[in-house]
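S.K.:
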Amino acid sequence: MNTTSLIVLLFAPLIGFLINVFFGRKMSKNLSGVVGTASVLLSFVITLLLFFSVKQPITLHLSEWFSIGKLAVNFDFVFDQLSILWLLFVTGIGTLIHIYSISYMHDDENMYKFFAYLNLFIFFMITLVAGSNLLIMFIGWEGVGLCSYLLIGFWYKNQDYNDAAKKAFIMNRIGDLGFLIGIFILGFATNTLEFSGIQQAIDVDGVVSTSGWYSIAAFCLFVGACGKSAQLPLYTWLPDAMAGPTPVSALIHAATMVTAGIFMITRMNFLFDIAPIVQNIIAVVGVTTALVAASIGLVQNDIKKVLAYSTVSQLGLMFLALGLGAYQVAVFHVITHAFFKACLFLGSGSVIHALHGEQDMRKMGGLRGSMKITYITFLIATLAIAGLPPFAGFWSKDEILLTAFHENKVLWVLATIASIMTAFYMFRLLYLTFFNEFRGTEEQKKHLHESPSLITFPLIVLAVLSALGGLISLPFGNSWLNHYLMPIFAHKEHAEHHLGATEYGLMAFAVLGALIGIGIAYNLYMKKKEVPTSDEVQGLHKVLSNKYYIDEIYMAIIVTPIYGLASFSKNFIEKYISKSVFGLGNVVSVLSIQGKKVQNGNVGFYLFAFVFSISAFLIYLFLIR
Amino acid sequence: MLEIVFYILSAITLGTAFLTVYSKNPIHSAIYLVVSFFSIAGHYLLFNAQFLAMVHIIVYAGAIMVLLLFTLMLMNLNKEDEVSKPIYIKFAAVFSAGILALVLISALKTAQPEMIEYVSSNEDYQSIKVLGKVLLNEYMVPFEFASVLLLVSMIGAVLISKKEEKI
Amino acid sequence: MNISIVLILLLAGAAFTFFAGNKFASKIALLVSVASFVFTLYALNLYLNGADLSCKSIWIQNPKIYFSLAVDGLSLAMLLLTTGLLPLIILSGWVTKFENEKAIYSLVLFMAFAMAGTFLAADGLLYYVFWELALIPIYFIALLWGNGSLEERKNAILKFFIYTFGGSLFMLVAFVYLYQKAGSLEIESLYALALTETEKTWLFLAFFLAYAIKIPLIPFHTWQANTYSKAPAIGTMLLSGIMLKMGLYSVLRWQLPITDTAAKEFMPYILGVSIAGVIYGAVLTLRQKNLKKLLAYSSLSHVGLIAAGLYSLTIEGFQGAVLQMLSHGLVIVGLFFVSEIIFNRWNTYTISEMGGIRSQATKFASFFMILVLASVAMPTTFNFVGEFTILYSLYNVNIGFAIVAGTTIILGAFYMLRMYQQTMLGETNTKVFADVTIVEGLVLLVIVVLVFFFGLYPKPIIELITPSLQNILNQIN
Amino acid sequence: MNTLIAIVGLGVFCLVAEIFNFRKAIIPVSVIALLALFGLTITDNLPQVAGDYSNMIEETSFSKTFSSLFILLTALLLVLSNNVYKNTSKISDFISIKIFMLSGAIAMVSFNNMAMFFLGIEVLSIALYVLAGSHRLDIRSNEAGMKYFLMGSFASGILLFGIAMLYGATGTFDVPTLYDASISANTEYWFYIGVILITIGMLFKIAAVPFHFWAPDVYEGAPLIVTAFMSTFAKVVAMAAFFKLITILNSYMAYSYEIVILVISILSMTIGNIMALRQNSVKRILAFSGISHAGFLLMTLLNIGAAANNLLYYSASYALAGVAAFSVLIYVCKNEDDDKIDNFNGLAKRNPLMAVIMSLALLSMAGIPILSGFFAKLFLLNQVISAGFLVLAIVAIVNSMISVYYYFRVILAMYTKDSVKQEVEHGSEFYIVGIVAAVLLIVLGLFPDTILHLI
Amino acid sequence: MQSILEQVGIGNYIILSALLFCIGAFGILYRRNAIIMFMSIEIMLNAVNLLLVAFSTYHQDASGQVFVFFTMAVAAAEVAVGLAILVSIYRNIGNIDIDNLKNLKG
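Protein chains in written order, with the working numbering: chain A, 1 to 625; chain B, 626 to 792; chain C, 793 to 1269; chain D, 1270 to 1724; chain E, 1725 to 1830.
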């Protein structure tokens, strides 16, 4: 591949962004959509070419950025297996979602902005993925956060959406601080920020001398990953982020951006490998997140919120895999998850589109009839996420469970519970949405329709991928994915699981678990036709409905104290400082006013003062001295 | 003998000076002051400075006192109409003047050189002739400058007293 | 060619502007400022080609004071900031209709003259003279063309004046003391001076008082918010964009090299104070109702970070601080201009009276957004390079400092986005908000372009400043 | 000597001019003559008069330079007087008395004999008593004259007592002999008492705390033009004479004496500044500011060997700033009953030039660069610190800080208040004097060397 | 002729004039009648004159006595001016009590 095409790959979305920003207002809506889509498509095509041609990593040196002290940072990019793989599904799904958006956002007056932001997002995502050092990655990292902010708050007239956007940005920034500190530690310890350089440095001296610092660095990077990938305790922004348009949720908050943390940890696997403590932390955080999010997902009524919690939960599973050192398994799940979760979101988008913005599942139902394609694709994706063979999700999730089983039984149990819950709430979602009779208004019912082909086309593609995505890494024999990613993890030997009785038993058990979950959902929502209400929930259900009160807790222990501190500072400290500084001035002023009384205009007094002073002088100079 | 004269004169000087300050009637004060001036002239005579004594009498008793008395008469102040001052002011006056005297005198006492015996050289230094020479040779410039001083005070006095006339 | 031409140009320009009359004042001022910028660029070119631009002649025989201007990368960078911002600031003044324009523009140019002199002076007294001289014009600018009730303004600005003036007087005493020791106030002889530890400690404190007030560091900052909010936008820009940097620059140029051991000794405490200022300023913004005050406190927070970079006594810290000075200068000028644009439309600085602007003024909203992002140090903006470097240097000193100071990226994002949300977003405001005019757009565009340009390509600046910073660091060690 | 003669001659001319009805010519001729004299004196080109008077008057660079300064100040103030005395019949009296006062001042800095000094100070004082009380119908002026007279005479008495003690210790009034006595080890102790008493007398004349009480009252009560003389000219003269006296009598001062000067300096600066903060009368503000400047000026005594030039510089800058300020003050208050700050309201709008002159004068007094007041303070600080009085330097700068407040009150009034008055033209004298003084302030600030090496 | 100082000694004269001087000072402090205050000042000046003459004799030097002439001139001049001011005060307020002069203060 020549350099030009790489540059085109990098900058095509940026060009698309610039075109839309500067000329979007004057272009027709379709044109701006086409420009946006084409630019991403261009990147996708080049990535595809790359994918098929590249065997050795290619580096691309654009220019120098800055050098500080011993640290030199350049605009360098690396295209190796990991980044190409990521680019592939980022641009691929990105293209699909762009196509989808042309139709979905057609009624919005600011459509050109939407495409501009989407393109910008893709650009930053490419930067993140392809950057060859931590700081370029950080550009992308912050950049996607920014686009996420812009897109969540796309409908900026609604301040709640803006709040959600802000929250996403701030929480990401908390993680970013960790990321930065990690960068500092690594930069200071190795004098470079290039991945290859860090790797070499670690290989040379890491384990022996400064491994303590490396562990801390790894932990800091993990904090960054937590923010971006919505892990405990920084996950609460993701459900709120559903305020954005649905394609955004699909692209950013399900398929791509939120996997950046996983990408980063995978990228830095050599670092995490020498920090087992951090790995344990990751595993525990991951599984906890999976459980907590899944449990909250059980009782959500907003269709997108359910999907959001499911995303968090799935991300937790990926982190579990990372924590267990099974990076390629995590990557596998990232990819399959991208397929089916994007499909689910787009499907829900289609539903919402059909219902003119209605997101509450309690007001849906029975859409199976009027929205055939949406229903089928949705069903496939649901089966995939629930973990039923032979859909993609089954294979990837099963590998995670398998790894967990080998490493730690407790983790395995918890992860299994989480996946059972997943199966339950996904089918709950499915039943409430597509089965039984419609619970919305008559008005809505009249206008129920299947979405246009621009919407259904991506759905179909993604459904196919959800169904077949597992093929890239089947557990039987040498999986393609493991093989493909070998150079990334080359430094350590990889143990292929031999499929024995235990493994098959586990698979069966997993399927069984999923079926149990589905069964309960069927029982509740299909047979009993229950419609959840949020008014009179009790006990655990109430806790779950309120998401364990985590937002409230954060509010109480972080936000409120900060505001309190602000008020205290403003009303007390500021005033106090002001007073103490200028109080001196007031003292002088008072002295001045009082002093006027001494200057009383009486010559007699002046003469007394005169004589007294003379006496004092003489006493001092002649008598005391 | 001279010593006794000195003490008597000193007593008169201090006493009348004090009475000048102390007496309620301004006219009395003026009279006491004249007496005091005369006694000071007596001191000058003791120093054998006759010319100075004469000048002193002429200037002080003759000119300055007449001026003061004239003003007193002009303003009809020959009665005891000064408002009685609060006691603390009087006390403060006495106190601070006392302190000043005490300090000044004790300072001068400490400054007293060892009593070198005074030896008269019998050189003439204070006859009119000598004084005239000193005044008009050595001190010619200050002497002339004193005329500026007197001119200033004359112009000043006129300036203050004269009525403004528009031109 | 020597560098005094820039100073002469500015000074003559001030006079010329004044005598040109109200009608032409703004144009001539702009012309002069652009000319001075061009001259500065020319000087930069000469400097890079190795020319010696310094100028030195005896000014006062006894005490021995030189009129001595020296040029190195650092002072050129600061000069560039001054003359570069000046046209923008003057152009931004075009938006507002001032009473007696000739006076205000000539004061602005005069102030630029004094500030440029501060950055160039290589003799302690000359430096001090310029330093103080800069106070007078800003005092009058803020007093005569400021906003808010006159009574409050008078007090606030007088406090500012007395406060900063008082602080600098301690610096004057320090200089006089140094003169006694060195027999000259030339910077080389001061650098070469051997002082005892005690002397250095006291000198350090005297300098610190002057600079801490000027920068300002907590707890010496109480003048800042009031003055910023009372001064007219043009004055606020001068204050925040350039004048703050005088203090920071002086720390680097005068305080640290002269009082090296004391600086090392005090480093942890001053870092603590600076970083506390970072958080304190950020927290305070959350309760501000006035947009300019909010920006003032954000500035407090940012300069705290810059000061921390300086006092970290590392080359990274110095580099980062200088970069951040430049970028902060650009961005804060832009932000204050934004607040001025809103004020011109709606005659208010109160945040609660704003909102719903974005839907009416897209371009304006975009510029504002970019400035906000730059202010919170998004990567690819100039500010990121500076902030990253400073935090990195703080990490070199102590990880704790880096973490605590690093909260600025969280808190900064919090208050800036909150501010943006409250001022710009929400339902379309019932009041009409016209989008930016050509002049406004030009100013903002230049700022934005520069912010991105140097964000992506800070290398020339780093290369310009690094040798002189290395010299200073060598002097300290 | 010749300067003195010329000036006395000029004074006499003024008196004579009235007789021949040359009233209109008095001020122009005097000013031109004074300016000529200024040039001749400072360039040392005055034709010599036959005769040797060196035992009474010495002509050193100190005396010449300060005489020139006094002549210049008088000339400027006389220009100001033109407008004030335009319509009075007493113009020749006023002008001649001022010129005689100048002769007293010159005697005070060029004396070579204590008699000359004493007469000089008395000429100056008596002239000032007269001038202070010269508004004969205004009780405030009378009161000022009376207060000044009573306290001034008292101070003269003390001064005289001190001179007598000097004489007692040495038997001579001759300055060189006194100087020899002062550095000789076996001088009698009376000498020292004399020095102290003279010091007290001079502290009174320069209005240093605690002998300052007269100053605000007298300044306020005296007619404006006289206040201008007192606060600029008289203060500088007294300080120069004091400085010269101390160089003669006490150049190797004892530690305890230094302490006294130090304490007085600190007290004067501090009390002067604090008292000035809350005054409403501009004259009083300037009076108290003058007291604080007296404190600054006293610092020169602490390093007396190297301070003559600093004293000259400080005196010049202070006096010029005062002249500039008074030119505006007189301009503003010409038709007013009082001199409250309120009179300055809106001056910047009514008359920007005057406002700028006033601002420059006040800023100079406050010690803002590039005006000469800054350098004056700087040189003083330099000198004080080199003498080891760091504490004094710090007190001085704290005081500078305080002083900004009240100087800026006037500036604020000019620039921020609205005027209720209509602008009336008052004549060009004010502009001439104000501009000349302000320009000199800036020039002296830009090129301190011009006068810094005259002595 | 025998000089007085051979018998009395200079110290006594110094004390005498110091006392006289202090009486003058006392008068100024004690009285509020302006004319009496003038007189007090005259007493002070006379004390100095006496001192000068004593020292003149002590040093057997004429300049002290010459100085006395100047002092007298000064005294005369001061009285003249003082009285002029006093008269105008009297014309304005009808008395000469110093305590009535309190317009200027603060």
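For each residue, glycine too, the CB sits at the ideal point set by N, CA and C.
Taking residue 74/A as part of the beta strand (DSSP E), name the residues at either end of that continuous run.
M.R.: The residue given as residue 74/A occupies position 74 in the first sequence. Run containing residue 74/A: 71–79, per the beta strand (DSSP E) assignment.
S.K.: First and last residue of the alpha helix (DSSP H) that includes residue 769/B?
M.R.: Within the second sequence, numbered from 1, the residue matching residue 769/B stands at position 144. Here the alpha helix (DSSP H) through residue 769/B covers 765–786.
S.K.: Could you check which residue in 166/A, 336/A, 428/A, 157/A has the C-alpha nearest to that of residue 1151/C?
M.R.: As a position in the third sequence, residue 1151/C is number 359, starting the count at 1. Answer by Cα proximity: 157/A.
S.K.: In whole angstroms, what is the alpha-carbon distance linking residue 694/B and residue 1392/D?
M.R.: Position 69 of the second sequence, counted from the first residue, corresponds to residue 694/B. Position 123 of the fourth sequence, counted from the first residue, corresponds to residue 1392/D. Distance between the alpha carbons of residue 694/B and residue 1392/D: 25 Å.
S.K.: Does the beta-carbon distance from residue 146/A to residue 1211/C come in below 8 Å?
M.R.: Residue 146/A sits at position 146 when you count from the first residue of the first sequence. Residue 1211/C sits at position 419 when you count from the first residue of the third sequence. Taking 8 Å as the Cβ cut-off, residue 146/A and residue 1211/C do not qualify as a contacting pair.
S.K.: Taking Cβ-Cβ distances shorter than 7 Å, what residues in chain B pair up with residue 614/A?
M.R.: Position 614 of the first sequence, counting from 1, holds the residue named residue 614/A. 725, listed in chain order.
S.K.: Along chain D, which residues have their Cβ under 8 Å away from the Cβ of residue 1763/E?
M.R.: For the purposes of this step, residue 1763/E is taken as the residue at position 39 of the fifth sequence. Under the 8 Å cutoff, chain D gives no residues; its nearest Cβ is about 12 Å from residue 1763/E.
S.K.: Compute the beta-carbon to beta-carbon distance between residue 1328/D and residue 1379/D, rounded to the nearest angstrom, for a pair I have assumed lies under 8 Å.
M.R.: As a working mapping, residue 1328/D is identified with position 59 in the fourth sequence. As a working mapping, residue 1379/D is identified with position 110 in the fourth sequence. Right, the Cβ-Cβ distance comes to about 6 Å (below 8 Å), so this counts as a contact.
S.K.: With 8 Å as the limit, tell me which residues of the stretch 1788–1811 of chain E have their beta carbon closer than that to any beta carbon of chain B; keep them in chain order.
M.R.: Listed by position, the residues of the stretch 1788–1811 of chain E near chain B (Cβ gap below 8 Å) are 1789, 1790, 1792, 1793, 1794, 1796, 1797, 1798, 1799, 1800, 1801, 1802, 1803, 1804, 1805, 1807, 1808, 1809, 1810, 1811.
S.K.: For a contact meaning CB atoms closer than 7 Å, what does residue 1637/D contact in chain C?
M.R.: Residue mapping note: residue 1637/D aligns to position 368 of the fourth sequence, counting from 1. Correct list: 924, 928.
S.K.: How many angstroms separate the CA atom of residue 1497/D from the CA atom of residue 1554/D?
M.R.: Counting from 1 along the fourth sequence, the entry for residue 1497/D is found at position 228. Counting from 1 along the fourth sequence, the entry for residue 1554/D is found at position 285. Each residue's alpha carbon lies about 13 Å from the other.
S.K.: DSSP three-state label for residue 913/C, please.
M.R.: The sequence position of residue 913/C within the third sequence is 121, counting from 1. The answer is strand: DSSP assigns residue 913/C an E or B state.
S.K.: Tell me, please, whether the CB atom of residue 1750/E is closer than 8 Å to any CB atom in chain D?
M.R.: Taking the fifth sequence and counting its residues from 1, the one referred to as residue 1750/E is at position 26. No - not a single Cβ of chain D is within 8 Å of the one on residue 1750/E.
S.K.: Below 8 Å between beta carbons: does that hold for residue 946/C and residue 1650/D?
M.R.: The residue labelled residue 946/C in the question sits at position 154 within the third sequence. The residue labelled residue 1650/D in the question sits at position 381 within the fourth sequence. No; because the gap between Cβ atoms is not below 8 Å, this pair is not in contact.
S.K.: Where does residue 1819/E fall in DSSP's three states?
M.R.: By one-based count along the fifth sequence, residue 1819/E stands at place 95. Correct three-state label for residue 1819/E: coil.
S.K.: Judging by CA-CA distance, which residue of 980/C, 940/C, 1090/C, 841/C is the nearest neighbour of residue 848/C?
M.R.: One-based indexing of the third sequence puts residue 848/C at position 56. Selected option, being the one with the closest Cα: 980/C.
S.K.: Please look up how many angstroms separate the CB atoms of residue 731/B and residue 623/A, rounded, as I've assumed it's under 8 Å.
M.R.: Numbered from 1 along the second sequence, position 106 holds the residue referred to as residue 731/B. Numbered from 1 along the first sequence, position 623 holds the residue referred to as residue 623/A. Indeed, because the Cβ distance is near 7 Å, the residues count as touching under 8 Å.
S.K.: For the beta strand (DSSP E) that contains residue 64/A, what are its first and last residues?
M.R.: One-based indexing of the first sequence puts residue 64/A at position 64. Segment 58–68, the beta strand (DSSP E) holding residue 64/A.
S.K.: Note the first and the last residue of the continuous alpha helix (DSSP H) segment covering residue 1103/C.
M.R.: Taking the third sequence and counting its residues from 1, one reaches residue 1103/C at position 311. Here the alpha helix (DSSP H) through residue 1103/C covers 1083–1103.
S.K.: Which runs of the alpha helix (DSSP H) fall wholly inside the stretch 1631–1718 of chain D and span at least 4 residues, in chain order?
M.R.: The qualifying runs are 1641–1655, 1659–1685, 1698–1715.
S.K.: With distances taken Cα to Cα, identify the nearest neighbour of residue 505/A among 118/A, 101/A, 426/A, 399/A.
M.R.: Here residue 505/A corresponds to residue number 505 of the first sequence, with the count starting at 1. The residue with the shortest Cα to Cα distance from residue 505/A is 399/A.
S.K.: Just the C-alpha distance for residue 250/A and residue 114/A, rounded to the nearest angstrom, thanks.
M.R.: Position 250 of the first sequence holds residue 250/A. Position 114 of the first sequence holds residue 114/A. Using only the alpha carbons, I get a separation of about 14 Å.
S.K.: According to DSSP, which residues form a beta bridge with residue 188/A?
M.R.: Translated into the one-based positions of the first sequence, residue 188/A becomes position 188. Partner(s): none; residue 188/A has no beta bridge.
S.K.: Mind checking whether residue 710/B and residue 1815/E have CB atoms under 8 Å apart?
M.R.: Here residue 710/B corresponds to residue number 85 of the second sequence, with the count starting at 1. Here residue 1815/E corresponds to residue number 91 of the fifth sequence, with the count starting at 1. No, Cβ-Cβ distance for residue 710/B and residue 1815/E is not below 8 Å.
S.K.: So residue 1767/E contacts chain A; which residues on that side make the cut at Cβ distance below 9 Å?
M.R.: Taking the first residue of the fifth sequence as 1, we reach residue 1767/E at position 43. Those do not exist, as residue 1767/E stays about 15 Å from chain A at its closest Cβ, beyond 9 Å.
S.K.: Excluding the 5 residues flanking residue 90/A on each side, which residues of the same chain have their C-beta closer than 6 Å to its C-beta?
M.R.: Within the first sequence, the letter at position 90 stands for residue 90/A. Correct list, in chain order: 125, 256.
S.K.: Give me the chain C residues within the contact set of residue 173/A, using Cβ-Cβ distance strictly less than 7 Å, ordered along the chain.
M.R.: Position 173 of the first sequence, counting from 1, holds the residue named residue 173/A. Simply 1201, 1202, 1205.
S.K.: For a minimum of 4 consecutive residues, which ranges assigned as the alpha helix (DSSP H) are wholly contained in the stretch 234–282 of chain A?
M.R.: 237–240, 246–250, 260–267, 269–273, all fully within the stretch 234–282 of chain A.
S.K.: Taking Cβ positions only, does residue 240/A come closer than 8 Å to chain C?
M.R.: Sequence index remark: in the first sequence, residue 240/A carries index 240 (1-based). Answer no: the Cβ-Cβ gap between residue 240/A and chain C never drops below 8 Å.
S.K.: What residues in the stretch 1126–1149 of chain C have a beta carbon less than 9 Å from any beta carbon of chain A?
M.R.: Against chain A - using a Cβ distance shorter than 9 Å - the residues of the stretch 1126–1149 of chain C are 1147, 1148.
S.K.: Just confirm the distance between the C-beta atoms of residue 176/A and residue 224/A, as a whole number of angstroms; I'd bet it's less than 8 Å.
M.R.: By 1-based counting over the first sequence, the position of residue 176/A is 176. By 1-based counting over the first sequence, the position of residue 224/A is 224. The pair is a contact, with the Cβ atoms about 6 Å apart (cut-off 8 Å).
S.K.: Checking the sheet assignment: what are the DSSP bridge partners for residue 1380/D?
M.R.: The residue you call residue 1380/D lines up with position 111 of the fourth sequence. DSSP output for residue 1380/D lists 1326/D as bridge partner(s).
S.K.: Output the distance between the C-alpha atoms of residue 1691/D and residue 1605/D, rounded to the nearest integer angstrom.
M.R.: As a working mapping, residue 1691/D is identified with position 422 in the fourth sequence. As a working mapping, residue 1605/D is identified with position 336 in the fourth sequence. Near 12 Å, if we compare the C-alpha coordinates of residue 1605/D and residue 1691/D.
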